[in-house]
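Beneath this line is the structure, given in C-alpha cells, with notes to follow.
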Amino acid sequence: MSNIVFSVIARDLKLAMRRQADIVSALFFFIIVVSLFPLGIGPELDLLRQLAPGVLWVAALLATMLSLPRLFADDHRDGTLEQLALSPHPLGLVVTGKVIAHWLVSGLPLALIAPVLGIQFDLSGEALLVLTGAILLGTPALSGIGAIGAALTLGLRGGGVLLSLLVLPLYIPVLIFGAGAVDATVSGLGGEGHLSLLAAMTIAAIGFAPWASAAALKIALE
Amino acid sequence: MLEADNLECVRGERRLFSGLGFTLDAGELLYLQGRNGAGKTSLLRMLIGLLPPETGEIRWHGKPIRKQADEYHAALCYLGHLNAIKEELTPLENLLAAARLAGEALSEDDAIDALEQVGLAGREDLACKYLSQGQKRRVALARLVIDRRPLWILDEPFVALDVAAVDWLAGIISGHLQRGGMAVMTTHQPVAIPAGTVRELRIG
Chain B
1 MSNIVFSVIA
11 RDLKLAMRRQ
21 ADIVSALFFF
31 IIVVSLFPLG
41 IGPELDLLRQ
51 LAPGVLWVAA
61 LLATMLSLPR
71 LFADDHRDGT
81 LEQLALSPHP
91 LGLVVTGKVI
101 AHWLVSGLPL
111 ALIAPVLGIQ
121 FDLSGEALLV
131 LTGAILLGTP
141 ALSGIGAIGA
151 ALTLGLRGGG
161 VLLSLLVLPL
171 YIPVLIFGAG
181 AVDATVSGLG
191 GEGHLSLLAA
201 MTIAAIGFAP
211 WASAAALKIA
221 LE
Chain D
1 MLEADNLECV
11 RGERRLFSGL
21 GFTLDAGELL
31 YLQGRNGAGK
41 TSLLRMLIGL
51 LPPETGEIRW
61 HGKPIRKQAD
71 EYHAALCYLG
81 HLNAIKEELT
91 PLENLLAAAR
101 LAGEALSEDD
111 AIDALEQVGL
121 AGREDLACKY
131 LSQGQKRRVA
141 LARLVIDRRP
151 LWILDEPFVA
161 LDVAAVDWLA
171 GIISGHLQRG
181 GMAVMTTHQP
191 VAIPAGTVRE
201 LRIG
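Residue numbers (the UniProt record's numbering), protein chains in the order written: chain B, 1 to 222; chain D, 1 to 204.
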C-alpha cells in the first residue's frame, strides 16, 4: 500500500530534478520578494523585526502558489494522470505521494533558506529557529490544501487565477498561526501553542486533502 | 469475462448511444466501429471506469466494476490516444515507472528487450522529448509487449504507425488473445488480427 506512495514520490522527484528551473525560480521569487522589504523600508530595525514574520509567510504562500498549477496539469496533458487513476491503488494514495513530493521541492527549500533571509530583518537566533520550525510545519498544509485547488481547477481556462482565489483564503489560518508563532517568540510568550496548531493543520491537511483532491480529479477525468 | 449491459451515454445535452451491451470472453477481441463523435472513446472511458454510465452496468467476472475498482484496474491495461509518457524521462525510465505504478515487477533487462522490439534500440537513454511523434508512440506501445494483464483496452492503437509497425502490433495483439487475453479496441481501418475470435460492434 505504501509502495505506491513511494513510487509516486520517486517519480515526481526525478521529474523535478530534470526540470530544476521550476524549483529554482520559485525559490528565487521567495528570496527576492522577502529581500525587497528591508530595501524599501530602510534600516528601522524595530519596524523590520515586527514585519518579518508576516512578510516571510506571505512570500512563502505566494511562492507555493507558483508551482501549484502544474501539480496535476502536466500529468493531465500527457495522459499519465489517466494511468495514475487506473493504477490498482486508491487515487488518494497516489495524490498523497504527489503532495509529499510537491512539499519536498517547494516547501522544504523555503524552510531551509528562511533563516538566512530572516537575518535581514534583525531577528534573534531564537526567533529564526521558531520561524524555520513554523515554515517546516506549515508548508505541508499549504501543499495539501493547494492540491485540492489544483485538482478543482484542472483543465479550466484561466485556472491559475481561479486557483489563487480559491486557495489563498484557505491559507489564512496557516498564515495567522505561522506568523503568530514568531511574533509570540519575539514578545516572549513562547510559540509552542502556535506550532502545535500548525502541526495539527498539517496532519489534517496531509490526511484529508489528498482524498478530496482525488474526488475532484475523478470529476476532471470524466 | 467482461459484460456490458444496457449502457447509455449522455455527453452534454446529447445522447450518444443507449441500450448498448456485449459480453467478451477469454481470447476474444471486440472491434468498436462508428463515425467520428459516435461515442467510441466515451464507451472506452466507461469500460475503464473513468466515466460512469448514465444507466446500465459493466461487470468484470460477474461483479460490477465500481464495486471492485482496484481489482479491476489490476487486470486492465489501457492505452489512450495520449501516450502517457513523460517527456523529461528516457524511454527506459518511462517503462519502469509505468510498470511500478501499475504494481507490476519489471526488470531492466525485460524493459530494454521490449524497447528493442519496438525499434528503439540504442535510444533507451535519450530523453523522450528528443524522440519523434512516431517514436513516442512506440514507447507507449512497448508497454503492451511486456503487459500480461488479461484485459487490454486500446483507443486507436494503429494511428500514426507505419505499415511494418501495424503488422507487428497486430501480432502482439493476437499473441495476447492466444494467451487467453481479451481486448477491446477502436479503429477506423480494420486490421486483420490473425488469432482469436474477432467481434464487431457498431455504435451510432
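No residue lacks a Cβ here, since even glycine has one placed at the ideal position from N, Cα and C.
- Between the alpha carbons of residue 176 of chain B and residue 187 of chain D lies a distance of about 57 Å.
- Under the three-state reduction of DSSP output, residue 184 of chain D falls in the strand class.
- Counting every other CB atom within 10 Å of its CB across the protein chains shown gives residue 7 of chain B a total of 16 or more, marking it as buried.
- DSSP places residue 197 of chain D within a strand segment (E or B) once states are collapsed to three.
- Excluding residues up to 5 positions away in sequence, 158 lie with their Cβ nearer than 7 Å to the Cβ of residue 189 of chain D in the same chain.
- Residues of chain D with a Cβ closer than 7 Å to the Cβ of residue 11 of chain B are, in chain order, 97.
- In the three-state reduction of the DSSP assignment, residue 15 of chain D falls in the strand class, which pools E and B.
- The Cβ of residue 101 of chain D sits closer than 7 Å to at least one Cβ of chain B.
- Unbroken alpha helix (DSSP H) stretches of 4 residues or longer found wholly inside the region 51-83 of chain B: 70-78, given in chain order.
- Spanning the alpha carbons of residue 79 of chain D and residue 13 of chain D requires a straight line of approximately 28 Å.
- Closest option to residue 109 of chain D, judged by alpha-carbon separation, among D:146, D:161, D:193: D:146.
- The Cβ of residue 82 of chain B sits closer than 7 Å to at least one Cβ of chain D.
- Between the region 75-94 of chain B and the region 165-173 of chain B, the count of Cβ pairs shorter than 8 Å is below three; the stretches do not touch.
- For residue 192 of chain B, no CB of chain D lies under 7 Å from its own CB, so it is not counted at the interface with that chain.
- Where residue 31 of chain D is concerned, the enclosing beta strand (DSSP E) starts and stops at 28-33.
- Between residue 39 of chain D and residue 77 of chain D the beta-carbon gap is near 22 Å, outside 8 Å, which marks them as no contact.
- One alpha carbon belongs to residue 114 of chain B, the other to residue 166 of chain B, and they sit about 26 Å apart.
- Contact annotation, residue 22 of chain D with residue 201 of chain D: C-beta distance approximately 6 Å; criterion of less than 8 Å satisfied.
- Between residue 126 of chain B and residue 185 of chain B, the gap from beta carbon to beta carbon is short of 7 Å.
- Interface with chain D (7 Å Cβ-Cβ cutoff): residue 210 of chain B is excluded.
- Our two residues, residue 80 of chain B and residue 59 of chain B, have alpha carbons roughly 32 Å apart in a direct line.
- In chain order, 88, 89, 90 make up the part of chain B whose C-beta sits under 8 Å from the C-beta of residue 70 of chain D.
- Residue 28 of chain B sits in a helix when the DSSP states are folded into three classes.
- Cβ-Cβ separation between residue 115 of chain D and residue 124 of chain D: approximately 5 Å, consistent with a contact (criterion under 8 Å).
- Residue burial annotation: residue 118 of chain B is buried, with at least 16 other C-beta atoms found within 10 angstroms of its C-beta.
- When beta bridges are read from the DSSP output, residue 78 of chain D appears opposite D:153.
- For the region 58-69 of chain D, the beta-carbon criterion of a distance under 7 Å to any beta-carbon of chain B is satisfied by none of its residues.
- In the structure shown, the three-state DSSP call for residue 157 of chain B is coil.
- Around residue 19 of chain B, the beta-carbon contacts reaching into chain D at under 8 Å are 88.
- Note on residue 102 of chain B: 16 or more other CB atoms within 10 angstroms of its CB, so buried under the neighbour-count rule.
- Buried is the label assigned to residue 75 of chain B, since at least 16 other Cβ atoms lie within 10 Å of its Cβ.
- Nothing from the region 179-206 of chain B brings a Cβ to less than 7 Å from some Cβ of chain D.
- As the crow flies, the alpha-carbon of residue 206 of chain B is around 8 Å from that of residue 145 of chain B.
- Leaving aside the five residues that flank residue 57 of chain D on each side, the residues in its chain whose CB is nearer than 7 Å to its CB run, in chain order, 5, 64.
- A distance below 6 Å between beta-carbons, with the five flanking residues on each side excluded, links residue 48 of chain D to the following residues of its chain, in chain order: 78, 153.
- Here residue 34 of chain B is buried: its Cβ has 16 or more other Cβ atoms, across all protein chains shown, within 10 Å.
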